[in-house]
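Novice:
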Amino acid sequence: MHGERRAYLEAIGIDLWVPRAAPAAQPAAQLPVEPAGKAVEAAGRWEALRAEVLKCTRCPLHLTRTQGVFGVGPKRSDWLVIGEAPGAEEDRRGEPFVGAAGQLLDAMLRAIGLDRATNVYIANVLKSRPPGNRDPKPEEVAACLPYLVRQIELLKPKIMLAVGRIAAQNLLATDVPLGRLRGRVHHFGELNTPLVVTYHPAYLLRTPADKRKAWEDLKFARNLYHQLVPGK
Ligand code: URA
């Protein structure tokens, strides 16, 4: 079976009745060499930002969270995936997207050669869990978004993928429905970073019929990335 098709079927959770070959190895990204002093300085800025987030009391969510959830992935990833807010499992473990939706997100990302251990950074708009997984309030987003903006300044991703309505609408400062934000390139922030929108994996777990559209979005994002960074 064609590798891309197999990856898609695996991403959407359809078991294949064929022996599974090991997933096609992704060539290791060639990272530019950075002067040691600069790398140490960047590491310090990341650490300072993480410490700030973990002790943040900017909004009342700090009263009900177990811990702040900063982000995960290599600090020199070209890709940044942005979700909404930590859920119960993320709040417990301190890492974004580690519950059921996270497992689907990982499978979706793997289908386009991305892995949080290697080449994609994952963060949320909110760093603290809203109780009962309610939608973030505008004042919570206003308090927390500057942390994400600073993460983006440090990471300098080549491409961003917003998953779900809350992430997409808040990053793009719009109330246009998610369905109309898909399928085109937006831009975010001072660095004008290209941004693509797709469905939230939790939504896809509830609405599997839309997984096919999500796969179109992922291919769209992957093609855009290859245009932006030829040879990778
Ligand atoms: N949903 C999100 O948007 N982010 C997480 O980290 C987990 C679930």
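Residues in the sequence shown are numbered consecutively from -9, following our numbering. Positions of the beta carbon are idealized from the N, C-alpha and C atoms, including for glycine.
#1: Expressed to the nearest angstrom, what Euclidean distance is found between the alpha-carbon atoms of Q159 and G73?
#2: Can you tell me which residues form a DSSP beta bridge with I72?
#3: Please report the straight-line C-alpha distance between T108 and G61, rounded to a whole angstrom.
#4: Where do the N-terminal and C-terminal ends of the beta strand (DSSP E) with P184 fall, by residue?
#5: So, at 7 Å on beta carbons, what are the nonlocal neighbours of H110 in its own chain, with the 5 sequence-adjacent residues on each side left out?
#6: Quick one: is R247 buried, meaning 16 or more other Cβ sit within 10 Å of its Cβ, or exposed?
#7: Starting from F178, follow its DSSP beta bridges and name the residues at the other end.
#8: In whole angstroms, give me the CA-to-CA distance for P220 and L214.
#9: Is there at least one non-hydrogen atom of ligand 1 closer than 7 Å to the beta-carbon of N60?
#10: Inspect the CB distances between the stretch 178 to 195 and the stretch 137 to 152 and report whether three or more fall short of 8 Å.
#11: Under 8 Å between the Cβ atoms of A133 and R48?
#12: DSSP on V62, reduced to helix/strand/coil?
Specialist: From the atom records:
#1: 11 Å
#2: A113 and A152
#3: 14 Å
#4: T183 to T188
#5: As written in the sequence, residue 110 is Val, which differs from the His given in the question. Counting only Cβ-Cβ distances below 7 Å, and skipping sequence neighbours, we find G63, S67, W69, V71, L99 and L104.
#6: Residue 247 lies beyond the residue range present for the chain, which begins at -9 and ends at 222; the question has no answer from this structure.
#7: T183
#8: 10 Å
#9: Note on identity: in this sequence residue 60 is Phe, with Asn being the wrong assignment. Checking every heavy atom of ligand 1 against the Cβ of F60, none is found closer than 7 Å.
#10: yes
#11: yes
#12: strand
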